[in-house]
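Engineer: Read left to right, the sequence shown gives residues 32 to 252 (our numbering).
Every residue, glycine too, gets a C-beta built ideally from N, C-alpha and C.
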Amino acid sequence: MDRDESLALRKRELRRQLEQSRNQILATRKKLADGKEALEALPGIEETLARYQEAGLEKDLREQSMLVREECVLSSAEERVRPFRSYLDELRQELPVDRVFLSLKALEDLPGRDILAGVDPVLARLDADLEDVLQRLESALNRADQGVERVQEQFESHRDAAHVDHQKKLRDQQKERVDGEEFIQLRRQIEQLHPLRDQQANLGRLEEDLLESRRNLVATL
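(1) Would you report the Cα separation of Glu-162 and Arg-34, rounded to the nearest angstrom?
(2) Determine the contact status of Ala-69 and Leu-227, defining contact as a CB-CB distance below 8 Å.
(3) Rounded to a whole number of angstroms, what is the C-alpha to C-alpha distance between Leu-80 and Cys-103?
(4) What first and last residue would you give for the alpha helix (DSSP H) that runs through Glu-68?
(5) If contact is defined by three or more beta carbon pairs under 8 Å, each pair taking one atom from either stretch, is the stretch 53 to 71 in contact with the stretch 229 to 236?
(6) Excluding the five sequence neighbours on either side, which residues of its own chain have a C-beta within less than 6 Å of the C-beta of Leu-73, listed in chain order?
(7) Can you tell me which of the three DSSP states Val-128 falls into?
(8) Tell me the rounded alpha-carbon separation between Ser-134 and Tyr-118.
(9) What did DSSP end up calling Gly-235 once you bin it into helix, strand or coil?
(10) Select from Asp-129, Leu-252, Leu-49, Arg-100 the residue whose C-alpha is nearest the C-alpha of Gln-216.
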């Protein structure tokens, strides 16, 4: 029987995709587990916060509560940029595009080598285009980082001004044996945990898609 020379290459590519799929699924499951563990503390925190709210601290420390939410908005902006840094690093690792299998030596025994050699300039162009994408992506991320930093600097001035008034209120509350600092800490924890619930749902859908893709790869192999 004639041997299909491309079969080994196709299997090797499928195994590479399966390895990548495994890493993505494991990373997604770790995020899900970490998020689940963090969210287990949420009901207790909300219950404690509710007692403080009943005592009237929400009204007294409203400005500081708003400040906590504002801090979380800035943190969320940084988190939205961070994954693209990972994509940038992954793209760097894949470049340059491997074209050894299209070398004259690799194709010399094949009757259709002149036709197959036409793939080489295609991948060479892809390599150059991806290098351009990489540079533009890095520039875009640097601009985003600089923009967020400028907003961060403005916010710090705003936060410092509010901090002076906050410290005065805390001293007044301490005289009344009320822990306003714990209230703010609880508010900060809740603001950080709430986005995790939406993230968990998104990660769950991502895991399902990754598993379906992996089943297809295994079936193809």
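Structural biologist: Well, looking at it:
(1) Taking the straight line from one Cα to the other gives about 37 Å.
(2) Closer than 8 Å, so yes.
(3) Their backbone Cα atoms lie some 18 Å apart in a straight line.
(4) Unbroken alpha helix (DSSP H) run through Glu-68: 36 to 70.
(5) The stretch 229 to 236 is in contact with the stretch 53 to 71.
(6) The residues Leu-224, in chain order, have a CB closer than 6 Å to that of Leu-73 in the same chain once the five nearest residues on each side in sequence are set aside.
(7) Val-128 falls in the coil class under three-state DSSP.
(8) Those two C-alpha atoms are separated by around 29 Å.
(9) In the structure shown, Gly-235 sits in a helix (DSSP, three-state: H, G or I).
(10) For Gln-216, the nearest C-alpha among the options comes from Arg-100.
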